[in-house]
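Under our numbering, the first residue of the sequence shown is numbered 173, with each subsequent residue one higher.
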Amino acid sequence: MDIIVLKPDTSEYDVRHILKKLESKGLKATVSSGTERTIIGVIGDTSKVTEEEEDAIRAMTGVENVVRILKPYKLASREFKKEDTEIDVKGNVIGGKKIHVIAGPCAVENKTIMMHIAEEVKRAGATFLRGGAYKPRTSPYSFQGLGEEGLKYLSAAREKTGLPIVTEIMDPRDLDVITKYADVIQIGARNMQNFRLLLEVGKVDKPVLLKRGLSATIKEWLMSAEYIMSQGNQKVMLCERGIRTFETATRNTLDLSAVPVLKRLTHLPVVVDPSHGVGKWDLVAPMAKAAVAVGADALIIEVHTNPAEALSDGEQSLKPDLFMKLMKELAPVAEAVGREI
Ligand code: PEP
Ligand code: MN
173 MDIIVLKPDT SEYDVRHILK KLESKGLKAT VSSGTERTII GVIGDTSKVT
223 EEEEDAIRAM TGVENVVRIL KPYKLASREF KKEDTEIDVK GNVIGGKKIH
273 VIAGPCAVEN KTIMMHIAEE VKRAGATFLR GGAYKPRTSP YSFQGLGEEG
323 LKYLSAAREK TGLPIVTEIM DPRDLDVITK YADVIQIGAR NMQNFRLLLE
373 VGKVDKPVLL KRGLSATIKE WLMSAEYIMS QGNQKVMLCE RGIRTFETAT
423 RNTLDLSAVP VLKRLTHLPV VVDPSHGVGK WDLVAPMAKA AVAVGADALI
473 IEVHTNPAEA LSDGEQSLKP DLFMKLMKEL APVAEAVGRE I
């Protein structure tokens, strides 16, 4: 038993009664009030619930049906929730008809550059601003990010442009400071299976952009989303950013088939990051268009006013004029698949 579907108009009292019953069996639950009906997602080792116990719950007042989910991820599955999840970030809804574009530098470098890039991406039509203040670099000698100072610059750029901020967390110890500034918390590819970090972001009321691990299967990725959701935070979006393959012509292999696969398996919004997917600026635009064509709900794209001097990922960053051109080219693609941008 993994899901308890409630009858319409079930009273608060009856819901509480059901929750108490689950608790007495050592199970936790999350109540999700959908547009059509309310469902209770049961968390924990539900395999221990016997058929008799399941029947007893089925007989309780307010219960319409009790369903078992066969997938190892429950809350993230389409079986649990049929309708697409829409995540509202300050009035910007990710997962609806509109395709959102999150743009900005790989790393926040200084205030002047940050403000300049923010203004440029806003002018081109981006609806979110990205920028890392805590950077997961392969070398300990590379620029590691500005920390809280960087978050302050992002915040100033948000104030100027109105664009909500997406920024990465690497360590649970930074959770307080990051939640203070961020509108969306990014979990990077390298931390997709940092389970302690996932549990911590699961406890805050902030949307999470969960990137796919460097060599993670879709199932492992959804299990990571489940970690976050199991703690109560249902606002998770999945971001395909390329996986490791034998191919060396591109930085990673952008797995665009993951988009329609995810749409089948989960109700969560899907974001595509063509920048890290290909690693080369001239390949970003075609893959961004392809991502929109296959059903991405949002794109995250690295933009820099001076890529040659960027402190990280300059080789895959678009200059503002090319980003503007791409934004214009994306519109008819979005329209062709019944979306808008
Ligand atoms: C980034 O967004 O700059 C980043 C480090 O991404 P990823 O975790 O996908 O490599
Ligand atoms: Mn980057």
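A virtual CB, placed ideally from N, CA and C, is assigned to each residue, including glycine.
Note that the structure is predicted; figures quoted are calculated from it, not measured.
message: Just verifying my parser: in three-state terms, what is the DSSP assignment at residue 302?
response: Here residue 302 refers to the residue found at position 130 of the sequence shown. Reduced to three states, the DSSP call for residue 302 is strand.
- Query: Is there at least one non-hydrogen atom of ligand 2 closer than 8 Å to the beta-carbon of residue 387?
  - Reply: The sequence position of residue 387 within the sequence shown is 215, counting from 1. Incorrect: residue 387 has no Cβ contact closer than 8 Å to ligand 2.
Which runs of the beta strand (DSSP E) spanning at least 3 residues fall entirely within the stretch 194 to 273, listed in chain order? Qualifying beta strand (DSSP E) stretches, in chain order: 200 to 205, 210 to 215, 235 to 239, 259 to 261 and 264 to 266.
- Near ligand 2, which residues have their beta-carbon less than 5 Å from any of its heavy atoms, given in chain order? 278 and 485
- From residue 399 to residue 341, what distance separates their C-alpha atoms? For the purposes of this step, residue 399 is taken as the residue at position 227 of the sequence shown. For the purposes of this step, residue 341 is taken as the residue at position 169 of the sequence shown. Cα-Cα distance, rounded: 16 Å.
Any idea if residue 254 is buried or exposed, counting beta-carbon neighbours within 10 angstroms, 16 or more meaning buried? Against the sequence shown, residue 254 aligns to sequence position 82. Residue 254 comes out exposed.
Exercise for the section: In the DSSP assignment, find the alpha helix (DSSP H) that holds residue 490 and state where it starts and stops. Expected result: Counting from 1 along the sequence shown, the entry for residue 490 is found at position 318. That residue, residue 490, is in no alpha helix (DSSP H); it is neither H nor E in DSSP.
| query | Alpha carbon to alpha carbon, what distance is there between residue 361 and residue 501? | reply | Within the sequence shown, residue 501 is the residue found at index 329, counting from 1. Within the sequence shown, residue 361 is the residue found at index 189, counting from 1. If I take the Cα positions, the gap works out to 28 Å.
Spatially closest choice to residue 218 from 211, 381, 235 and 246, by CA coordinates:
Counted from its first residue, the sequence shown places residue 218 at position 46. It is 246 whose Cα lies nearest to the Cα of residue 218.
Say whether the stretch 336 to 353 touches the stretch 283 to 292, bearing in mind that this needs 3 or more beta-carbon pairs closer than 8 Å, one atom from each stretch.
no
May I ask you to list the residues that DSSP assigns as paired with residue 358? Residue 358 sits at position 186 when you count from the first residue of the sequence shown. For residue 358, which the question treats as bridged, DSSP gives the partners 340 and 381.
Looking at the secondary structure, which residues open and close the alpha helix (DSSP H) in which residue 364 lies? Working through the sequence shown from its first residue, we reach residue 364 at position 192. Segment: none, residue 364 is in no alpha helix (DSSP H) and carries neither H nor E.
Inset, instruction - Just the C-alpha distance for residue 242 and residue 438, rounded to the nearest angstrom, thanks. - result: Position 70 of the sequence shown, counting from 1, holds the residue named residue 242. Position 266 of the sequence shown, counting from 1, holds the residue named residue 438. So the alpha carbons of these two residues sit roughly 13 Å apart.
#### Entry: residue 415 - partner residues in DSSP beta bridges
For the purposes of this step, residue 415 is taken as the residue at position 243 of the sequence shown. Looking at the DSSP assignment, residue 415 forms a beta bridge with 425.
* **Distance cut-off 8 Å: residue 302 Cβ against heavy atoms of ligand 1** => Working through the sequence shown from its first residue, we reach residue 302 at position 130. Correct: residue 302 has its Cβ closer than 8 Å to ligand 1.
- Query: Distance, Cα to Cα, residue 419 vs residue 488?
  - Reply: Looking up residue 419 in the sequence shown gives position 247. Looking up residue 488 in the sequence shown gives position 316. Approximately 17 Å, taken between the alpha carbons.
In terms of alpha-carbon separation, which member of 447, 325, 321 and 382 lies closest to residue 288? For the purposes of this step, residue 288 is taken as the residue at position 116 of the sequence shown. Here the closest residue by C-alpha is 325.
**Prompt:** Would residue 196 be called buried (16 or more neighbouring beta carbons within 10 Å of its own) or exposed?
**Reply:** Position 24 of the sequence shown, counted from the start, is the residue given in the question as residue 196. Result: exposed.
Q) Any idea what DSSP makes of residue 438, helix, strand or coil? A) As a position in the sequence shown, residue 438 is number 266, starting the count at 1. Of the three classes helix, strand and coil, the one that applies to residue 438 here is strand, per DSSP.
### Message
I want to know whether the stretch 428 to 438 touches the stretch 387 to 398 - three or more CB-CB distances under 8 Å.
### Response
Yes, the stretch 428 to 438 is in contact with the stretch 387 to 398.
Heavy atom of ligand 1 within 8 Å of residue 472 beta-carbon
As a working mapping, residue 472 is identified with position 300 in the sequence shown. Indeed, a heavy atom of ligand 1 lies less than 8 Å from the Cβ.
Practice item. Taking all protein chains shown into account, decide if residue 407 is buried (16 or more other Cβ within 10 angstroms of its Cβ) or exposed. Key: In the sequence shown, residue 407 corresponds to position 235, counting from 1. Result: buried.
Notebook entry, point to check: At what residues does the alpha helix (DSSP H) containing residue 285 begin and finish?
Noted result: Here residue 285 refers to the residue found at position 113 when the sequence shown is read from its first residue. Its alpha helix (DSSP H) spans residues 283 to 296.
Next on the checklist: For the beta strand (DSSP E) containing residue 512, name the first residue and the last one.
Outcome noted: In the sequence shown, the residue the question calls residue 512 occupies position 340. Looking at the DSSP string, residue 512 is not in any beta strand (DSSP E), and its letter there is neither H nor E.
query = Apart from the five residues just before and just after residue 375, which ones in its own chain have a Cβ nearer than 8 Å to its Cβ?
reply = For the purposes of this step, residue 375 is identified with residue 203 of the sequence shown, where counting begins at 1. 403, 404 and 405, listed in sequence order.
**Prompt:** How about residue 411 and residue 384: do their beta carbons lie closer than 9 Å?
**Reply:** Walking along the sequence shown from the start, residue 411 turns up at place 239. Walking along the sequence shown from the start, residue 384 turns up at place 212. In this structure, residue 384 lies closer than 9 Å to residue 411 by Cβ.
Query raised in the report: Who pairs with residue 474 in a beta bridge, going by DSSP?
Result: Here residue 474 is taken as the residue at index 302 of the sequence shown, counted from 1. Paired residue(s): 276.
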